[in-house]
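Numbered by my numbering, the letters in the sequence shown go through residues 1 to 186 in order.
Where a beta carbon is used, it is the ideal one built from N, C-alpha and C, also for glycine.
Here the structure is a predicted model, which means the values were calculated and not measured.
Right, one structure below, let's go through it.
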Amino acid sequence: MTPSLKSALAASGYVGVWETNLATQTVAMTGALPNLLGVDEQRAAAGVPVSAFLEGVHPDDRERVAYLIQEAHRTAGRFEADFQTNDGPGGVRRVAARGRVEIDADGRGHRCLGVVLDLGDGGLADLTVSAQRFRAIDRVVDALIAVRPLLADAGSPILRTLIDATLLEFGRLLASQMEQADRQIN
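Right, here's the structure in full:
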């Protein structure tokens, strides 16, 4: 990733993405997410136990986030959580994590993919002005994540790359909306 792309993503509120292997219960993380959670970047890229991810969640939110993770994995459904990170190198930050469990040919969940955005001092509850737009984008992101595994059968790496780029762009748009709503509130 180029330095300018990293700067643009950081400015948009994008923190990073994660991919959880449900069979091994390991999570690989990219971007600034490992640092925010106090996980070594190289270890995070290779995959760490879900418990290492949870250690980076603020104690006030840890039990709730652990429950939401278990439910998403158990039901092969969506994962949505707003939480504070631990007081690590980046300090306590409020983040929004959104993801979805992909299913295999037998309908069982095999991995969870998602994105994390920095909410700063606010939260999604502050987005009353753009809540409908946020929900619409959220539904589109949900659909893109659901379609992503089907592209493996289509044999088109270009389509998969386009979906990944689209997901990153939606992350940028969501972060921008959050900033605008925060400015309107303050």
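With the cut-off set at 8 Å, would you say I167 and L144 are in Cβ contact? The residue labelled residue 167 in the question sits at position 167 within the sequence shown. The residue labelled residue 144 in the question sits at position 144 within the sequence shown. Per the sequence presented here, residue 167 reads as Leu, with Ile not at that position. A contact, by the Cβ cut-off of 8 Å.
Starting from N86, trace the alpha helix (DSSP H) in both directions and tell me its first and last residue. Here residue 86 corresponds to residue number 86 of the sequence shown, with the count starting at 1. Run containing N86: none; DSSP gives neither H nor E here.
Assigned secondary structure, D138 (DSSP; H/G/I helix, E/B strand, else coil): In the sequence shown, the residue the question calls residue 138 occupies position 138. It is helical.
Where do the N-terminal and C-terminal ends of the beta strand (DSSP E) with T20 fall, by residue? As a working note, residue 20 is residue 20 in the sequence shown. Going by DSSP, T20 is part of the beta strand (DSSP E) stretching over Y14 to N21.
Closer than 7 Å by C-beta to T30: which residues in its own chain qualify, once you throw out the five before and the five after it? Chain order, please. The residue labelled residue 30 in the question sits at position 30 within the sequence shown. Around T30: G16, V17 and A45.
Would you decide whether V116 is buried or exposed? Buried here means 16 or more other CB atoms lie within 10 Å of its CB. Taking the sequence shown and counting its residues from 1, one reaches residue 116 at position 116. Its Cβ being crowded by 16 or more others within 10 Å, V116 is buried.
Taking the beta carbon of I69 as the centre, do at least 16 other beta carbons fall within 10 Å, making it buried, or is it exposed? As a first step, residue 69 is located in the sequence shown; it is residue number 69 there, counting from the start. Buried, by the Cβ-count rule.
Is it the case that the region 64-81 contacts the region 31-40, given that we only count it when at least three CB pairs across the two stretches are under 8 Å? Output reads no: the region 64-81 does not touch the region 31-40.
What span of residues does the beta strand (DSSP E) with A96 cover, start to end? Here residue 96 refers to the residue found at position 96 of the sequence shown. DSSP places A96 inside the beta strand (DSSP E), whose first and last residues are R94 to I103.
For P49, the three-state DSSP class (helix, strand or coil): As a working mapping, residue 49 is identified with position 49 in the sequence shown. Under the three-state reduction of DSSP output, P49 falls in the strand class.
For the alpha helix (DSSP H) containing V65, list its first residue and its last residue. If you number the sequence shown from 1, residue 65 lands on position 65. DSSP places V65 inside the alpha helix (DSSP H), whose first and last residues are P59 to T75.
Any 3 or more C-beta pairs closer than 8 Å across the region 58-65 and the region 104-118: Fewer than three pairs of CB atoms, one per stretch, sit closer than 8 Å, so the region 58-65 makes no contact with the region 104-118.
Within 10 Å of its beta-carbon, does Y67 have 16 or more other beta-carbons around it, so buried, or fewer, so exposed? Translated into the one-based positions of the sequence shown, residue 67 becomes position 67. Around the Cβ of Y67, a 10 Å sphere holds fewer than 16 other Cβ atoms; the residue is exposed.
P188 versus F53 - alpha carbon distance: Past the boundaries of the shown model lies residue 188; the chain is included only from 1 to 186, so the question cannot be answered.
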